[in-house]
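In what follows, a single structure is set out as structure tokens and then discussed.
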């Protein structure tokens, strides 16, 4: 799948069982810059590069899990790309050239990418945001209609990360993430927010896309704010559905995550 605007060409493609690969090409007189986000498997990336003729210049890593980095060394070896990822996992991500922490900014091909620490799924998780091109990759933190499982952090930490993204990213930001989980997420979301008409319409759209074998991503920040229950812990309808009118937002989020874990 290709997503283009005058300043960037974005290719999204399947990797492994349900991972997504993402490559961005930023045109320029000198050939521009080409960026991979994570590398679940090197071969699909190499296929896109061969098809397009792009020269990979950078690899941005979101976190250390194997299904996001196992193809990294092969892709780096065949392209010479510079690898940038979370400093917290410098010892765990083989091939890392540059480590970043929360708030760091990296300029590639004239476009600034913000490193946003969004721990919870893992402690090292970085979400990458490029405001100038309306792009964000949220790794395994924010999913379309969902969020990642909590392996290394705790629910309060994950809620802080989700709320951080919701507050920071503009409505029209195109959100890419690590996995195609939207159909399952939609079915679960309807159990939490059953009277949300926007969610019902989106769930129907997702069903149609998956029946045709089409991806449900990218999404937008506006769509997630309106329909993703993991971002809607403060919403009165969600609280009423859970019987948690007087709970904190973090407590409501934790209950939603608990239910999803056993859904």
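Numbering (this note's numbering), first residue to last: 1 to 263.
The C-beta atom is built at its ideal place from N, Cα and C for all residues, glycine as well.
Bear in mind the structure is a predicted one, so any value in this text is a computation, not a measurement.
Checklist entry - If you draw a straight line from the alpha carbon of residue 103 to that of residue 197, how long is it in whole angstroms? => result Indexing the chain shown from 1 puts residue 103 at position 103. Indexing the chain shown from 1 puts residue 197 at position 197. Looking at the two C-alpha atoms, the distance is approximately 36 angstroms.
Item to check | Candidates 119, 46, 187, 154, of which the one nearest residue 139 by Cα | outcome: Here residue 139 is taken as the residue at index 139 of the chain shown, counted from 1. The residue with the shortest Cα to Cα distance from residue 139 is 119.
Item to check | Pairwise C-alpha distance: residue 107 and residue 30 | outcome: On the chain shown, residue 30 is found 30 positions in, with the first residue counted as 1. On the chain shown, residue 107 is found 107 positions in, with the first residue counted as 1. Approximately 16 angstroms between the Cα atoms of the pair.
Checklist entry - Looking at C-alpha atoms only, which residue of 69, 125, 32 is the closest neighbour of residue 19? => result Locating residue 19 in the chain shown gives position 19, where the first residue counts as 1. The candidate whose alpha carbon is nearest that of residue 19 is 69.
Checklist entry - Whose C-beta lies closer than 8 angstroms to the C-beta of residue 96 among residues of the same chain, with five residues either side of it excluded? => result On the chain shown, residue 96 is found 96 positions in, with the first residue counted as 1. Cβ neighbours of residue 96 beyond the five flanking positions: 61, 83, 84, 85, 89, 90.
Next on the checklist: For residue 159 and residue 250, which I take to be in contact (beta-carbon distance under 8 angstroms), what is that distance rounded to the nearest angstrom?
Outcome noted: Sequence index remark: in the chain shown, residue 159 carries index 159 (1-based). Sequence index remark: in the chain shown, residue 250 carries index 250 (1-based). Yes, residue 159 and residue 250 are in contact; Cβ-Cβ is about 5 angstroms, under 8 angstroms.
Checklist entry - Does the Cβ-Cβ distance between residue 72 and residue 127 come in under 8 angstroms? => result What you label residue 72 is simply residue 72 of the chain shown in a count that begins at 1. What you label residue 127 is simply residue 127 of the chain shown in a count that begins at 1. No; because the gap between Cβ atoms is not below 8 angstroms, this pair is not in contact.
Checklist entry - What did DSSP end up calling residue 44 once you bin it into helix, strand or coil? => result As a working note, residue 44 is residue 44 in the chain shown. Looking at residue 44 - three-state DSSP - the assignment turns out to be helix.
Item to check | Run of the beta strand (DSSP E) containing residue 9, from where it starts to where it stops | outcome: As a first step, residue 9 must be located in the chain shown, where it is residue number 9. Where residue 9 is concerned, the enclosing beta strand (DSSP E) stretches over 8–15.
Checklist entry - Is residue 191 buried or exposed, if buried means 16 or more other CB atoms sit within 10 Å of its CB? => result Along the chain shown, one-based indexing puts residue 191 at 191. Label assigned to residue 191: exposed.
Item to check | Straight-line Cα distance separating residue 208 from residue 137 | outcome: Working through the chain shown from its first residue, we reach residue 137 at position 137. Working through the chain shown from its first residue, we reach residue 208 at position 208. Roughly 24 angstroms separates the two Cα atoms.
Checklist entry - Which whole runs of the alpha helix (DSSP H) in the segment 183–240 are 4 residues long or more, in chain order? => result 197–211, 221–227
Checklist entry - For the alpha helix (DSSP H) that residue 160 lies in, which residues bound it at each end? => result Reading the chain shown from its first residue, position 160 is the one you call residue 160. Start and end: 155–168.
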